[in-house]
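Written below as structure tokens is the structure these notes are about.
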Amino acid sequence: EVKGHGKGGELLTIPPEEFEFGKKMGDKYWLYIVWNVLEGNPVLVAFRDPYNRDLFEISRREEEIVVRREVYQLRFRTE
């Protein structure tokens, strides 16, 4: 999995399905983080099995997501 962070902050958001997949895969799972993407000097760091090792403080939170999508509308013709 590859995640990017614009300015090199400390916090990343991982969707639950990616987190659970990484935990399940163990040593076969790698997390690549690219820091400073927007600063012009990106840094790539790789972590093997990041969710089963003591590398990060991991916390859970809920967030509200508003999804906007295109749909088709059908209307009966009256003529």
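Using our numbering, read the sequence shown as starting at 105 and increasing by one per residue. Positions of the beta carbon are idealized from the N, C-alpha and C atoms, including for glycine.
Rounded to whole angstroms, what's the CA-CA distance from residue i to residue j? Just pull it up for me.
i: Gly113; j: Trp139; result: 8 Å
i: Glu102; j: Glu122; result: Absent from the structure is residue 102, since the part of the chain shown begins at 105 and ends at 183.
i: His109; j: Gln177; result: 38 Å
i: Thr117; j: Glu183; result: 53 Å
i: Pro119; j: Val171; result: 15 Å
i: Arg179; j: Asn156; result: 53 Å
How would you write the range of the alpha helix (DSSP H) that residue i sits in, first residue to last?
i: Gly126; result: 120 to 129
May I ask which residues mark the beginning and end of the beta strand (DSSP E) holding residue i?
i: Tyr133; result: Note, Tyr133: premise wrong, no beta strand (DSSP E); not H, not E.
i: Phe160; result: Premise fails: Phe160 is in no beta strand (DSSP E) and is neither H nor E.
i: Val147; result: 147 to 152
i: Val106; result: 106 to 109
Could you say which of the options lies nearest to residue i if we only look at CA atoms?
i: Lys128; options: Ser163, Asp153, Glu174; result: Asp153
i: Gly144; options: Arg179, Lys111, Arg173; result: Lys111
i: Leu135; options: Glu124, Val149, Leu142; result: Val149
Between which residues of its own chain and residue i is the CB-CB distance below 6 Å, once the five residues before and five after are set aside?
i: Val147; result: Trp139, Asn140
Note down, in chain order, each residue of its chain lying with its Cβ closer than 8 Å to the Cβ of residue i, except the 5 sequence neighbours on either side.
i: Lys107; result: Leu116, Ile118, Leu135, Tyr136, Ile137, Val138
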